[in-house]
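Written out below as structure tokens is the structure these notes cover.
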Amino acid sequence: MISISLCMIVKNEEKQLQKCLDSVCDIVDEIIIVDTGSTDRTKEIAGHYTAKIYDFPWIDDFAAARNYSFDRATKQFIMWLDADDLLLPPDRGKLKQLKRTLNPNQEVVMMDYHLALDDAGVPLILTRRYRLVRRDKKFKWKGIVHEDIDVSRASIAYSDVAVTHCRQGVHTERNLKILESCIASGGGLEGRLLLHYGSELADLKRYEEAIVQLNYFLKQPSQHMDDYILACIKLADCYGQLGLVDKKLEALLRSFQYDLPQSEICCAIGGCFEGRGQWAAAIYWYLQALHNASSPAVMENRTLRTWIPHSRLCICYAQRGDLNNAYHHNEKALEYLPQEQGLLENRLKLQRALGLPLSNDDPL
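Count the sequence shown with full-length UniProt numbering and you get residues 1 to 364, in order.
Written out as structure tokens, the structure reads:
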């Protein structure tokens, strides 16, 4: 059985830290807490789980703080979590099993990261992260924001353990201020930091500035085609927010230079044509999202290849007078959202229009 050090960096996490640690404290063998300047009860709460609590003066560098936490670990493997992460009961069992069975020579284990769940606990939005690494390989974090572990040339295994993110609150300017501080100090931004800068500007609704930075990033060399695709998606959203639909469509189509169409992009292209009343073109792209789109390597929004394209296809087919196909796709959407009021109302209207028996649960 392998041994695991859990390493966390925290600041003012009194509302979430206990829930996180309760979900994993009896599985890991060591807990390392690095506090970057809490003024609430964070360290007091952490003290109920571990004596290994360290202060790290904040220097606007997430990678530096995480590397400091990794340097304090003593067990065979290091696992990391944020305070607003947790392991749900099924994943606790899977982590225990992984701990018993993982080959101790394995270098890196990648796990799913669930960013949003539906009411039944099914993941809607997920990505994947390098979550468990062998300590003696001395892997390092990189990136002052949106940091990641550099696992170049490492052997990577994929686990069915998932970490669930429970983020609360609104998007803040924290990351943007770090990036702007780096620029002001003369450090400049390159590579993924340029992408993150544009994305932060977009998330804070500074769309014109975001467009400049994202277009600049797309002119730079990158080893990661997925970064270019993400930049195209962000760029398209900025243009859309500014009402520049032609530019939005251009940015979406630009992504095809880098890889096969993804469901998010197909849905967005469908939305552009739907907005123009070009129903046949919209139908084509929504069908691509359902049947032919590739799965993204970075982040997957499963709603964009399930109920969302089905619900939009219902509208588009209805606009073309094809009520049978409209009804079919509305029913498919209801398989994912059986209580969604708008879909139930569509069902009733279409059943009446088609002369079909009304469903038992439909109002008269």
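All C-beta atoms, glycine included, are put in the ideal place defined by N, C-alpha and C.
- Three or more beta-carbon pairs separated by less than 8 Å link the segment 328 to 340 to the segment 306 to 319, which places the two stretches in contact.
- Annotation: the segment 246 to 283 contains the following complete segments of the alpha helix (DSSP H) (minimum length 4 residues), in chain order: 263 to 275.
- By the Cβ test, the segment 283 to 300 is in contact with the segment 115 to 130, since at least three Cβ pairs between them sit closer than 8 Å.
- Take L214, set aside five residues on each side of it, and the residues of its chain with a beta-carbon closer than 6 Å to its own are G198, A231, K234, L235, in chain order.
- By the 16-neighbour rule on beta-carbons within 10 angstroms, V161 is buried.
- Annotation for K142: the continuous beta strand (DSSP E) segment containing it runs 140 to 142.
- Residue pairing from DSSP places S5 in a beta bridge opposite E30, I78.
- The DSSP-derived three-state label of R167 is coil.
- Rounded to whole angstroms, the separation of the alpha carbons of D85 and R167 is 8 Å.
- Inclusion of T74 and E30 in the CB contact set at 8 Å is warranted, their separation being smaller than that value.
- If you draw a straight line from the Cα of N330 to the Cα of S255, it is about 29 Å long.
- Between Q241 and L201, the alpha-carbon positions lie close to 13 Å from each other.
- Between L304 and E340, the CB-CB gap reaches or exceeds 8 Å.
- Under DSSP, I53 forms a beta bridge with I33.
- When C-beta atoms of the segment 59 to 72 are compared with those of the segment 128 to 143, three or more pairs fall below 8 Å, so the two segments count as touching.
- Bridge pairing for H114: L126, T164 [DSSP].
- Linking I178 to T36 through their CA atoms gives a straight-line distance of about 15 Å.
- Between the segment 41 to 55 and the segment 13 to 21, the count of Cβ pairs shorter than 8 Å is three or higher; the stretches touch.
- Judged by their CB atoms, P57 and Q76 are not nearer to each other than the 8 Å cut-off.
- Our two residues, S294 and H224, have alpha carbons roughly 16 Å apart in a direct line.
- When DSSP reads this structure, I149 sits in a beta bridge with W141.
- By the criterion of at least three beta-carbon pairs nearer than 8 Å, the segment 312 to 321 is in contact with the segment 272 to 292.
- Of the residues assessed, H196 falls on the buried side of the cut-off, its CB having 16 or more other CB atoms within 10 angstroms.
- For N175, the closest of S185, I144, H165 by C-alpha to C-alpha distance is I144.
- Your pair L132 and V151 does not check out as a contact, with CB atoms roughly 11 Å apart and the cut at 8 Å.
- In the DSSP assignment, E180 falls within the alpha helix (DSSP H) that extends over 174 to 184.
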